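Following: one structure in structure tokens, then a few remarks.
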Amino acid sequence: MSFLSPEEWTAVLLSLKVATVAVAASLPFGIGVALLLARSRLPGLWLLNALVHLPLILPPVVTGYALLLSFGRKGPIGGFLYDVFGLVFAFRWTGAALAAAVMGFPLMVRAIRLAIEAVDPKLEQAAATLGAPRIAVFATVTLPLILPGVLAGAILAFAKAMGEFGATITFVSNIPGQTQTLPSAIYAFLQIPGGELQAARLAGVSVVVALGAVLISEGVARRVAKRIGGA
């Protein structure tokens, strides 16, 4: 990809950084929420389920605006994080990672939840009857069985993060070198006369990265499923 300009390389690397951080930060929460939705019988879970999937239904700009109101320097959450920890999200790459994580979270949770629901509860009950604590049952029985679903959810969230535009540009704007991800860079080039070639190059990179992520996830998931089936 030596044909990319330094500006284009910056957008590509920033997108990879944002997507990686978004998935890594949200994956533990995704597993926890999926486990809660799949196995818990607590009242009000329908509301949690609705909130988790809300970013899929709302216009991305609305999600980005909600993040700006909540995590901006003057927002209730953003103000607290800045005053206590010095963390800033609005108009920073960290905010782009947060927006990408929020938009990809429903896809992650759904994939992991389906994997959890496919696990036979009798296997977990058998381990529990042998005296294993709940956390040990999850780590040694449940997690290995749902690993293909976890990988699929992580890859879906990564792909969504790489292509996220509406929430990101609303929350962190389109600042070259700081918050300009691949979709934002493509949009910016399309606004410039003669920028179609740069936009086409970045679009090609997006397709290659997305296709590569899907192929890798399929290969890893099949190998894990085959290993579990042969165990």
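1 is the number of the first residue of the sequence shown in the UniProt record's numbering; add one for each residue after it. In this text, a Cβ means the ideal position worked out from N, Cα and C, and glycines have one as well. For clarity, every value in this text was computed on a predicted model and none was experimentally measured.
From which residue to which residue does the alpha helix (DSSP H) around A101 run? W93 to E117
Reducing DSSP to helix, strand and coil, say where D83 ends up. helix
Inter-residue CB distance, F158 and A101 (contact presumed, cutoff 8 Å): So it is not a contact: roughly 10 Å between Cβ atoms.
In whole angstroms, what is the alpha-carbon distance linking Q178 and V12? 12 Å
Just tell me which of A199, L16 and V209 has its CA closest to the CA of K5. The displayed chain sequence assigns Ser, not Lys, to residue 5. That would be A199, whose Cα lies nearest to the Cα of S5.
If we call anything under 7 Å between Cβ atoms a contact, is A99 one with T168? yes
Can you give the beta carbon distance from V207 to A96, rounded, assuming they're within the 8 Å contact cut? About 21 Å separates the two Cβ atoms, so there is no contact after all.
Status (buried if at least 16 other CB within 10 Å, exposed otherwise) for A126: exposed
Which class does V88 belong to by DSSP, given the choice of helix, strand or coil? coil
Taking a contact to mean a Cβ-Cβ separation below 7 Å, would you say R113 touches A34 in this structure? Yes, Cβ-Cβ distance for R113 and A34 is below 7 Å.
Let me confirm a value: P55 is counted as buried when at least 16 other C-beta atoms fall within 10 Å, else exposed. Which label applies? buried
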